[in-house]
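Protein chains: 2
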Amino acid sequence: MAKPIVFGSIEGVDEGHVFTGRREMMTNSFHRNWAAGIDGNKNEGVSAIVLSGGYEDDEDLGDEIIYTGAGGNVGKKQVEDQLWENTQNAGLIKSMTEGLPIRVIRGYKHKSEFSPSGGYIYSGLYSVVDAWEEIGKSGFKICRFRLIYAGQNSSRKSGEEIELNYITKEKRRKETTVLRIIRDTKIARDIKKLYEYRCQVCDIVLEIKGTRYAEGAHIKPLGRPHNGEDNPNNLLCLCPNHHLLFDRGSFSISDSYNLIGNINGKLKIHEKHQLNKENLKYHREIHGQY
Amino acid sequence: MAKPIVFGSIEGVDEGHVFTGRREMMTNSFHRNWAAGIDGNKNEGVSAIVLSGGYEDDEDLGDEIIYTGAGGNVGKKQVEDQLWENTQNAGLIKSMTEGLPIRVIRGYKHKSEFSPSGGYIYSGLYSVVDAWEEIGKSGFKICRFRLIYAGQNSSRKSGEEIELNYITKEKRRKETTVLRIIRDTKIARDIKKLYEYRCQVCDIVLEIKGTRYAEGAHIKPLGRPHNGEDNPNNLLCLCPNHHLLFDRGSFSISDSYNLIGNINGKLKIHEKHQLNKENLKYHREIHGQY
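Chains as they are written, first to last, in my numbering: chain A, 163 to 452; chain B, 163 to 452.
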């Protein structure tokens with residue numbers, strides 16, 4: 163496929179847009195893969211899926227979809243086990259762990275009250291929030307994913323509302339929930355790739371179903387009141403434990419890359435990666451690490 | 163204080179409720195601490211705060227509040243540095259890392275367009291989403307917290323909207339955001355306390371500004387489609403790295419508590435903690451770990 167993968171909204175195609183056929187989705191990278199449901203791969207993640215009635219185990223609740231992964235399917239029947247590793251299913255895992263949004267398109271053959279009578283309708287951006295395996299209707303292992311609506315259309319349910327929907331009022335009084343918005347950017351993904359998803363503090367690599375997981379940590383935080391930049395010189399590749407400890411100021415980093423605070427050692431820096439020392443200084447100051 | 167701390171909504175007190183004085187908040191644990199702004203402590207977290215104009219550095223934007231921690235304040239002036247450890251500021255950190263909601267009450271003396279002309283108004287539940295230190299107007303170190311609205315009032319902005327508000331439309335196209343809803347429950351907190359916040363897999367303790375951090379991991383997941391129970395026999399105390407790897411099925415646990423999959427070793431189990439083997443089996447099955 164010559165065209166690059168594109169994540170998120172695409173200029174000129176709003177929610178509810180109807181395509182008369184699948185070729186129309188290919189020119190602007192909306193869905194580049196004419197023959198398959200999934201556009202994406204294990205290295206980059208999945209950018210778009212077409213629901214077209216090919217999988218007997220799919221469940222469509224509108225803002226929430228239980229989706230069956232790729233493989234082992236012939237003539238709408240499962241005839242062998244699906245796999246995680248080295249498949250597009252690993253791409254869906256990548257989208258989940260990196261928070262990449264997926265464009266969902268429903269085709270006229272897809273059995274659901276949300277399907278169009280003809281052509282293909284763009285149903286908006288969704289997030290993968292869960293993945294597991296089970297034995298499907300035909301007795302073979304299938305890879306399963308839960309997708310929830312993640313677009314900006316305020317007349318639809320937000321991800322928060324969808325998730326809280328399953329909690330009764332009584333339970334809500336007992337439970338506390340916290341919302342973490344994990345932002346990921348092209349630049350953060352590039353930094354993670356540079357380090358091959360290895361934590362710059364502890365060297366750990368977290369492997370998940372054939373994919374690798376790490377987090378892009380901004381040294382001077384994005385957003386109010388810090389207003390740090392999304393720039394490689396303001397980013398680190400960290401495991402979740404060290405991302406948390408760094409964001410909360412349990413340790414900081416000296417200008418010569420020594421770890422300071424409640425930790426020993428030195429930050430590993432790739433020869434192609436330069437940090438902005440002003441940002442390191444800012445981090446030390448807001449967490450009192452000198 | 164004899165009354166126990168209570169987190170979240172309290173029966174009979176809705177958003178917008180006006181108290182004529184602070185004693186009225188004490189009987190139902192709404193805010194137990196007559197003399198101080200903060201109700202809570204470093205071990206349990208903070209359940210409620212009263213904004214009453216005592217801190218010169220507070221900023222009130224309504225659904226978002228930049229709040230100054232406790233200490234070093236005499237007659238509305240900072241006269242010495244504030245501290246993190248062994249203070250109520252550590253309690254606010256605890257509320258942040260555990261996702262505990264905080265009842266925010268605005269008093270008539272608090273300088274803000276959202277303050278009542280008399281008495282005290284209950285402004286709803288807020289989450290602490292950031293903490294840092296800086297030098298305040300009087301030249302002393304102050305502990306700072308960003309709180310955002312986290313209640314269920316649909317006529318107010320959701321946490322998601324507040325956070326995304328700071329991102330321009332153009333940036334939204336480039337950034338991807340993922341919403342993680344972290345649920346915490348009384349039972350999960352009890353399990354974490356039992357293990358003193360030590361990861362049952364790797365033994366690590368994560369220390370953050372005088373508090374400890376761990377996550378309660380449900381073995382059979384809560385919510386659709388798994389519908390696991392919030393019960394001690396379905397919970398583990400894990401660090402974020404092992405919570406992620408466990409939730410994503412990179413490893414599972416045998417009936418004799420051996421770790422299986424992409425990891426070696428044995429789960430540490432406290433003598434007072436029993437796991438439901440059916441839940442362990444469910445986890446192995448949905449992640450193909452045998």
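For every residue, glycine included, the Cβ atom is placed at its ideal position computed from N, Cα and C.
request  = Spell out whether any CB of chain B is found under 7 Å from the CB atom of Glu-433(A).
outcome  = no
message = Taking 7 Å as the threshold (C-beta atoms), are Gly-423(B) and Ser-412(B) in contact?
response = yes
inquiry  = Does Trp-294(B) pass the burial test, meaning 16 or more other C-beta atoms within 10 Å, or should it be called exposed?
reply    = buried
key: Beta-carbon proximity list for Phe-302(B), same chain, < 8 Å, skipping 5 on both sides   = Gly-234, Gln-240, Val-241, Glu-242, Asp-243 and Gln-244
query = Where do the N-terminal and C-terminal ends of the beta strand (DSSP E) with Arg-265(B) fall, by residue?
reply = 264-269
inquiry  = So the candidates are Glu-447(A), Gln-250(A), Tyr-444(A) and His-404(A); which of them puts its Cα closest to the Cα of Thr-373(A)?
reply    = Gln-250(A)
task = Compute the Euclidean distance between the alpha carbons of Ile-211(A) and Ser-289(A), then round it to the nearest angstrom.
result = 12 Å
ask   = Do the region 353-365 of chain B and the region 380-390 of chain B touch if we need at least three Cβ pairs shorter than 8 Å?
value = no
ask   = Taking C-alpha atoms, which residue in Ile-227(A), Lys-428(A) and Lys-382(A) lies nearest to Lys-439(A)?
value = Lys-382(A)
request  = Please state if the CB of Phe-169(A) and the CB of Leu-262(A) are separated by a distance shorter than 7 Å.
outcome  = yes
message = Helix, strand or coil for Glu-391(A)? Go by DSSP, reduced to three states.
response = coil
ask   = Mapping DSSP to helix, strand and coil, what is Asn-403(A)?
value = helix
query = Are there three or more Cβ pairs, one per stretch, closer than 8 Å when the region 218-237 of chain B is compared with the region 171-190 of chain B?
reply = no
Where Pro-387(B) meets chain A, residues with beta-carbon distance less than 8 Å = Ile-228 and Arg-308
ask   = According to a CB-to-CB cut-off of less than 7 Å, which residues of the region 396-409 of chain A neighbour chain B?
value = Cys-401, Pro-402, Asn-403, Leu-406 and Leu-407
task = Tell me whether Ile-349(A) sits in a helix, a strand or coil according to DSSP, three-state version.
result = helix
task = Could you work out which residue in Cys-361(A), Ile-349(A) and Arg-351(A) is closest to Lys-428(A) when comparing CA atoms only?
result = Cys-361(A)
Distance between Phe-276(B) and Leu-368(A) (C-alpha atoms, nearest Å) = 46 Å
ask   = Can you find a C-beta in chain B that's less than 7 Å from the C-beta of Glu-377(A)?
value = no
query = For Ser-274(A), which of Arg-351(A), Tyr-229(A), Asp-201(A) and Ser-414(A) has the nearest alpha-carbon?
reply = Tyr-229(A)
ask   = What are the residues of the region 287-304 of chain B that lie near chain A, defined by any Cβ-Cβ distance shorter than 8 Å?
value = Ser-289, Asp-292, Ala-293, Trp-294, Glu-295, Glu-296 and Lys-303
request  = Quick one: using the 10 Å Cβ neighbour count with 16 as the cut-off for buried, is Glu-247(A) buried or exposed?
outcome  = exposed
inquiry  = Cutting at 7 Å between CB atoms, please list the residues of its own chain near Phe-181(A), excluding the five before and the five after it.
reply    = Met-187, Gly-281 and Tyr-282
message = Check whether chain B comes within 7 Å of Asn-424(A), counting only Cβ atoms and requiring the distance to be less than that.
response = yes
task = Excluding the 5 residues preceding and the 5 following Arg-318(B) in the sequence, name in chain order all residues of the same chain whose CB lies nearer than 7 Å to its CB.
result = Asp-225 and Tyr-311
query = Within this structure, are the beta carbons of Gly-253(A) and Lys-204(A) separated by less than 7 Å?
reply = yes
ask   = According to the Cβ coordinates, are Ile-370(A) and Arg-410(B) closer than 7 Å?
value = yes
key: Neighbouring residues, chain B, relative to Lys-371(A) (Cβ below 8 Å)   = Arg-410, Gly-411 and Ser-412
key: Listed by chain order, chain A residues near His-449(B) by CB distance under 8 Å   = Trp-294 and Glu-295
inquiry  = Buried or exposed for Ala-376(A), going by 16 or more other Cβ atoms inside 10 Å?
reply    = buried
inquiry  = Quick check: Ser-257(B) and Gly-207(B), are their CB atoms within less than 7 Å of each other?
reply    = yes
task = On the DSSP bridge assignment, give the partners of Arg-360(A) in chain order.
result = Val-367(A)
ask   = What residue range is occupied by the uninterrupted alpha helix (DSSP H) comprising Tyr-444(A)?
value = 439-448
ask   = Who pairs with Phe-181(B) in a beta bridge, going by DSSP?
value = Tyr-282(B)
ask   = Using DSSP with H/G/I as helix, E/B as strand and the rest coil, what is Gln-240(B)?
value = strand
request  = Quick one: using the 10 Å Cβ neighbour count with 16 as the cut-off for buried, is Tyr-444(B) buried or exposed?
outcome  = buried
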